[in-house]
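In terms of the numbering used here, the sequence shown opens at residue 1042 and continues consecutively. A short write-up of the structure that comes next.
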Amino acid sequence: MLDRVYAMEALVTVLFLVLVTASLVFIFFGGFGNLLILIFSFAYSLITEFEIIPVKVLISLAVIY
């Protein structure tokens, strides 16, 4: 059972990295990629409870953006 949890977390992490890497392309087209990275980081922290960027920082960046 625990192996399945680790496999799911690894899958979410790989998916997060793929989405962020794809979002880096959008940064060159007007900053839309920054918003995507912000959204994906927030979703990742909610799903895995591991904060790459603290939630308070993500919310403040979203308000500024």
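We put the beta carbon where it would ideally sit given N, CA and C, even for glycine.
Bounding residues of the alpha helix (DSSP H) (the contiguous stretch that carries residue i)
i: Phe1083; result: 1073–1089
CB contact flag (residue i, residue j, <8 angstroms)
i: Phe1013; j: Phe1073; result: Any question about residue 1013 goes unanswered here, given that the chain covers just 1042 to 1106.
i: Val1055; j: Thr1089; result: no
Status (buried if at least 16 other CB within 10 Å, exposed otherwise) for residue i
i: Tyr1047; result: exposed
i: Ile1078; result: buried
i: Ser1064; result: buried
i: Phe1091; result: exposed
i: Phe1057; result: buried
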